[in-house]
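Have a look at the structure below, then the notes.
Residue numbers (the working numbering), protein chains in the order written: chain A, 1 to 233; chain B, 1001 to 1109.
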């Protein structure tokens, strides 16, 4: 592994380092308080690696929820992932042995960073994107483990640290909008989400939103591609 | 503590999460050539999804009742202004997060 790619990946993942570590810690602390030692949090971080679902898991475990409920909840919370792969099939297919790990580690944040990153010529794109995904998960696993070890001893009130994820998406949106060809897609995403948020409320709007987004991207294919051609994409 | 139950819960969550991530790759990734339609969606979906994720992150603000989403809106405003000015991702993310954490502890408890 060359140093250049490691440095590049560390830089690209740095905005979420704090967020991932502290949210991981919050999860580990919750697990510890629920009676599960750090090994459980560590295993969850390594094998599940899905932030919001791991938090849901703590309450499912505490309630002793039946397995079919666990399965349905997981499907509901994580089905948004189905849409992320659509944006990365072409890129991941070229990655050989790293392909399965790239799919496994596809979170909201890695999706956003991987699709928003522009790779300079001297950087090996496959190595760098693999490292970006790996480093994100390392932050997360470290957080889960530390939280699980410290439990209630953890001395810092991290309330609000999850806003760093919001901040990251806002920044990536601004960066993305520099390309004129991204304006209509971003408007479509904002429009779809606001419509369904108002109609369906905060708990159920995400899937209809993503579905409508894909449909509208197809509907507006002509104006979007003509703008891409103007920009020479 | 029933370890068998805990392990079963974690395995089910891990497998279904992986299935949601792998689904499009299994359905569309096996063909040798990625179709033009998938390439198009691959190019234009990311900016759309990032806009969706911004709304998703802010979904729980309540415009009509206190605090009217003000901690979020002020912090997002700071992030936008700072990022247009300095164009430094880490600076924007850190400042926005710190601003939000201070606001919910002081002005909007």
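No residue lacks a Cβ here, since even glycine has one placed at the ideal position from N, Cα and C. A quick note: this is a predicted structure, and the numbers were derived from the prediction, not measured.
- One thing to note: residue 94 of chain A has its Cβ within 9 angstroms of the Cβ of residue 126 of chain A.
- When Cβ-Cβ separations below 9 angstroms define contact, residue 137 of chain A makes no contact with chain B.
- Among the CB atoms of chain A, one or more fall inside 9 angstroms of the CB of residue 1020 of chain B.
- For residue 96 of chain A, no alpha helix (DSSP H) encloses it, and the DSSP letter there is neither H nor E.
- Taking 9 angstroms as the CB threshold, residue 1083 of chain B lines the interface with chain A.
- Around the beta carbon of residue 156 of chain A, a 10 Å sphere encloses fewer than 16 other beta carbons of the protein chains shown; the residue is thus reported as exposed.
- Around the beta carbon of residue 1007 of chain B, fewer than 16 other beta carbons lie within 10 angstroms, which makes this residue exposed.
- The beta carbon of residue 1069 of chain B does not come within 9 angstroms of any beta carbon belonging to chain A, so the residue lies off that interface.
- Leaving aside the five residues that flank residue 46 of chain A on each side, the residues in its chain whose CB is nearer than 7 angstroms to its CB run, in chain order, 141.
- Around the beta carbon of residue 51 of chain A, a 10 Å sphere encloses 16 or more other beta carbons of the protein chains shown; the residue is thus reported as buried.
- Interface annotation, residue 140 of chain A: not in contact with chain B, CB-CB separation never under 9 angstroms.
- Annotation note: the segment 163-210 of chain A contains the following uninterrupted alpha helix (DSSP H) runs of length 4 or greater, listed N- to C-terminal: 163-176 and 183-200.
- Between residue 24 of chain A and residue 146 of chain A, the C-beta spacing is below 9 angstroms.
- Counting along the chain, residue 108 of chain A sits inside the alpha helix (DSSP H) bounded by residues 108-116.
- Taking every protein chain shown into account, the CB of residue 185 of chain A has 16 or more other CB atoms within 10 angstroms, so this residue is buried.
- For residue 1024 of chain B, the residues of chain A that pass the 7 angstroms Cβ criterion are 82, 85, 86 and 89, in the order they occur in the chain.
- Pairing residue 1048 of chain B with residue 197 of chain A gives a Cβ-Cβ distance that is not under 9 angstroms.
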